[in-house]
Amino acid sequence: MTRDDLKRFRALDIDFESIGLLQDGGDDFAYFCTPADAEFVGRIGCDGVHFILLPGDERVFCVDPAMGEEGKYVLPVGSDFREFLSFVLFCQDANPLSQIWWMDEARFREFAAEDAAARASGDMAEYFARKDAALAAIAGEFGLAPAHPFDKVKALQAAFDPSGLEWSDEYYDVLGLENPRLPEETEVIQGRAFAEVVFTVEKEDAMLPQDPYILLSFINTKLRDEYSSLSALCDALDADQAELTVKLAGAGYAYDPDANQFKPV
């Protein structure tokens, strides 16, 4: 049912970008934390966030390479595709679904209020007209009504066991984890990146990833696991803190010293 519904969804003549479910590039769209054999559903258009199906599973999953972390890079956001679409209808966009995992309900309501305020301002009337047309087409095609996602998505995610996910070799390389497919050949080096953004860690001299979102994931992982502050990380890796901060600011992230993480601004 879910795969048939996905085909019907893709055939709709709508502005997919307006609802955060871009379809272009889906055939080969993947990040280091996209599970093996994932089937593309759509992408929000920033931070590498995308939605997928997994083999033999009706659930829709969100993949977040920027804000995610081990065990939370991939999380369910709908028990099947129709439920996922009913959540999109409620939020009027797929993006809020990708962020429920770190929000409490009060923050989720604030997020919705910010979107409502943007609509009420009238500054993007054409954009919201395209969005409304897309949402109406989805509701009509599948006979769906909006459904509040927060409690259901939280429950799905609390019950989810990520240990059964199948990862690519790049996943183990990026996170410096032992690859179970190559137990005797894997050289466990924390933070080693995958081939197209190669960097090395030799003694105390490191070249950081150039892709801002891979850099974000790498830095946040290091801050979480190894360093108590950004300055400590930069000292250890011989990195320019100002340059690093500017680069991640360009991707929409700023350092939060209380959380010791880069967070969206």
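Sequence positions in the sequence shown follow the numbering used here and run 299 to 563.
Yeah, the Cβ is synthetic: ideal placement off N, Cα and C, and Gly gets one too.
Limits of the beta strand (DSSP E) - the one that residue i falls within
| i | result |
| --- | --- |
| residue 341 | 337-341 |
| residue 545 | From DSSP, residue 545 is part of no beta strand (DSSP E) but of the alpha helix (DSSP H) over 539-548. |
Proximity to residue i [Cα-Cα], best of the options
| i | options | result |
| --- | --- | --- |
| residue 322 | 331, 393, 339 and 345 | 339 |
| residue 511 | 460, 343 and 390 | 343 |
| residue 434 | 553, 316 and 555 | 316 |
| residue 369 | 398, 409, 455 and 390 | 455 |
| residue 432 | 392, 345 and 549 | 392 |
| residue 515 | 559, 525 and 541 | 559 |
| residue 386 | 307, 408 and 404 | 307 |
| residue 389 | 351, 542, 411 and 428 | 411 |
| residue 527 | 313, 554 and 544 | 554 |
| residue 318 | 367, 451 and 395 | 395 |
| residue 408 | 425, 448 and 428 | 448 |
| residue 563 | 426, 550 and 556 | 550 |
| residue 403 | 419, 417, 361 and 450 | 450 |
Which of helix, strand or coil DSSP assigns to residue i
| i | result |
| --- | --- |
| residue 429 | helix |
| residue 452 | helix |
| residue 391 | coil |
| residue 555 | coil |
| residue 398 | helix |
| residue 305 | helix |
| residue 463 | coil |
Endpoints, alpha helix (DSSP H) assigned at residue i
| i | result |
| --- | --- |
| residue 511 | 510-523 |
| residue 314 | Premise fails: residue 314 is in no alpha helix (DSSP H) and is neither H nor E. |
| residue 409 | 403-418 |
Residue i, buried or exposed, once every other Cβ within 10 Å from all chains shown has been counted against 16
| i | result |
| --- | --- |
| residue 336 | buried |
| residue 381 | buried |
| residue 305 | exposed |
| residue 446 | exposed |
| residue 503 | Residue confidence is low: residue 503 scores 38 on pLDDT, short of 50, so the model does not pin down where it sits. Its coordinate-derived value is still stated next. By the 10 Å Cβ count, residue 503 comes out exposed. |
heavy atom of the ligand NAP below 7 Å from residue i C-beta
| i | result |
| --- | --- |
| residue 365 | Ligands are entirely absent from the displayed structure, and the ligand NAP is therefore not among its contents. |
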